[in-house]
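These notes are about the structure you will find just below.
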Amino acid sequence: EAQVTQNPRYLITVTGKKLTVTCSQNMNHEYMSWYRQDPGLGLRQIYYSMNVEVTDKGDVPEGYKVSRKEKRNFPLILESPSPNQTSLYFCASSPNPQGYYNSPLHFGNGTRLTVT
Amino acid sequence: LAKTTQPISMDSYEGQEVNITCSHNNIATNDYITWYQQFPSQGPRFIIQGYKTKVTNEVASLFIPADRKSSTLSLPRVSLSDTAVYYCLVAGGKLIFGQGTELSVKP
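Sequences listed follow chains A and B, in order.
Quick note on the working numbering: the first sequence kicks off at 1 and runs consecutively.
Quick note on the working numbering: the second sequence kicks off at 1001 and runs consecutively.
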């Protein structure tokens, strides 16, 4: 089944403890991206990647890192999480390497992160 | 970068047609317009996409005027299961979602 898989689905951690949220897609998509979703703010893009070893900042990249060493994986890294990073996170992919002009995004089911 | 504006919420009744309009005044020549549906605790799901004029699929229609500064998602004969948040997205390298429209369908 074609899908985007995120892990974990739920994560509770403490301030400053490094964490990684994994994202994997099995559709051989070029484009992958991360979003956070907060009440009243909708979906905001954190980082995106148009191909292996190519990443770029979205609207809200502060406090996050990403890497794209393989086409299928795009982990989101929080080196020193803070409470304001408590949010619902989504990973998405698209077959269009030019950052999605005419190809829909496929989203994972989300990771709910709580930082205390 | 194109920014989108949608109504925050809308109410409807089962069997009615619902039209949700999205404003995107700064849309670029290469940008497509895509609509997504999101249920609680799930990722957004693709509904329909278009570039200009009208597009129709089995679940919705998308109307885009000639100037492309807005678009309207039309859901025919909504049911309770259409209660969700609907997002308009104008595409580019950086993808900017609007705040979404929370549609509530009542019996």
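Even glycine gets a Cβ: it sits at the ideal position worked out from N, Cα and C.
To the nearest angstrom, how far is the alpha carbon of residue i from that of residue j?
i: Ser1070/B; j: Cys1022/B; result: 5 Å
i: Thr116/A; j: Glu70/A; result: 32 Å
i: Tyr48/A; j: Ala1066/B; result: 31 Å
i: Thr86/A; j: Thr1029/B; result: 36 Å
i: Ser24/A; j: Phe74/A; result: 6 Å
i: Asn1025/B; j: Glu1/A; result: 38 Å
i: Ser1009/B; j: Pro1107/B; result: 17 Å
i: Phe1097/B; j: Lys1003/B; result: 8 Å
i: Thr996/B; j: Ala1060/B; result: Because chain B in this structure spans residues 1001 to 1107, residue 996/B falls outside the shown range and cannot be described.
i: Lys1052/B; j: Pro1040/B; result: 31 Å
i: Ser33/A; j: Leu41/A; result: 18 Å
i: Asn109/A; j: Ala1084/B; result: 15 Å
i: Arg1045/B; j: Glu53/A; result: 27 Å
i: Arg1068/B; j: Gln1006/B; result: 15 Å
i: Gln183/A; j: Gly1043/B; result: Residue 183/A falls outside the range modelled here, since chain A spans only 1 to 116, and no answer is possible.
i: Phe1063/B; j: Thr1072/B; result: 5 Å
i: Arg68/A; j: Asp1011/B; result: 42 Å
i: Lys57/A; j: Leu76/A; result: 12 Å
i: Asp1082/B; j: Leu88/A; result: 22 Å
i: Asp59/A; j: Leu1103/B; result: 26 Å
According to DSSP, is residue i helix, strand or coil?
i: Asn1019/B; result: strand
i: Gln85/A; result: helix
i: Asp56/A; result: strand
i: Leu1080/B; result: helix
i: His106/A; result: strand
i: Thr5/A; result: strand
i: Ala92/A; result: strand
i: Phe1039/B; result: coil
i: Gln37/A; result: strand
i: Met50/A; result: strand
i: Tyr1051/B; result: coil
i: Ile1008/B; result: coil
Once the 5 residues before and after residue i are set aside, which same chain residues still bring their CB inside 8 Å of it?
i: Glu1017/B; result: Ser1074, Leu1075, Pro1076, Arg1077, Val1078
i: Thr13/A; result: Leu19, Pro81, Leu113, Thr114, Val115, Thr116
i: Pro61/A; result: Ile46, Tyr47
i: Leu1089/B; result: Thr1004, Ile1033, Thr1034, Trp1035, Tyr1036, Leu1095, Ile1096, Phe1097, Gly1098
Here's a check: name, in chain order, each residue in its chain whose Cβ is nearer than 6 Å to the Cβ of residue i, leaving out the five neighbours to either side.
i: Pro95/A; result: His29, Ser103
i: Leu43/A; result: Tyr35, Gln37
i: Asn1057/B; result: Ile1048
With distances taken from CA atoms, which of the options is nearest residue i?
i: Phe107/A; options: Met27/A, Val14/A, Leu11/A; result: Met27/A
i: Thr15/A; options: Leu78/A, Gln3/A, Val54/A; result: Leu78/A
i: Phe90/A; options: Pro8/A, Ser80/A, Lys57/A; result: Pro8/A
i: Pro83/A; options: Glu1/A, Cys23/A, Leu11/A, Thr5/A; result: Leu11/A
i: Gly1050/B; options: Thr1005/B, Gly1100/B, Ile1027/B; result: Ile1027/B
i: Tyr1086/B; options: Ser1061/B, Gly1015/B, Gln1042/B, Gln1038/B; result: Gln1038/B
i: Thr1034/B; options: Ser1041/B, Ile1020/B, Thr1083/B, Pro1040/B; result: Ile1020/B
i: Val21/A; options: Asp59/A, Ser93/A, Val66/A; result: Val66/A
i: Glu63/A; options: Val4/A, Thr111/A, Gln3/A, Lys17/A; result: A small correction: the amino acid at residue 63/A is Gly; Glu does not occupy that position in the sequence shown. Among Val4/A, Thr111/A, Gln3/A, Lys17/A, the Cα nearest to that of Gly63/A is on Lys17/A.
Give the C-beta separation of residue i and residue j to the nearest angstrom, bearing in mind that I take them to be a contact with Cβ-Cβ under 8 Å.
i: Tyr1032/B; j: Ala1091/B; result: 5 Å
Leaving out the 5 sequence neighbours to the left and right, which residues in its chain are closer than 7 Å to residue i when beta-carbon positions are compared?
i: Leu992/B; result: Here chain B has residues from 1001 to 1107 only, and residue 992/B is not among them.
i: Val4/A; result: Cys23, Gln25, Cys91, Ala92, Ser93, His106, Phe107, Gly108
Return yes when at least one heavy atom of the ligand GDP lies under 8 Å from the C-beta of residue i, else no.
i: Glu79/A; result: Here there are no bound small molecules, and the ligand GDP is not part of this structure.
So, is the C-beta of residue i closer than 9 Å to a C-beta in chain C?
i: Ser1061/B; result: You won't find chain C in this structure, because its protein chains are A and B.
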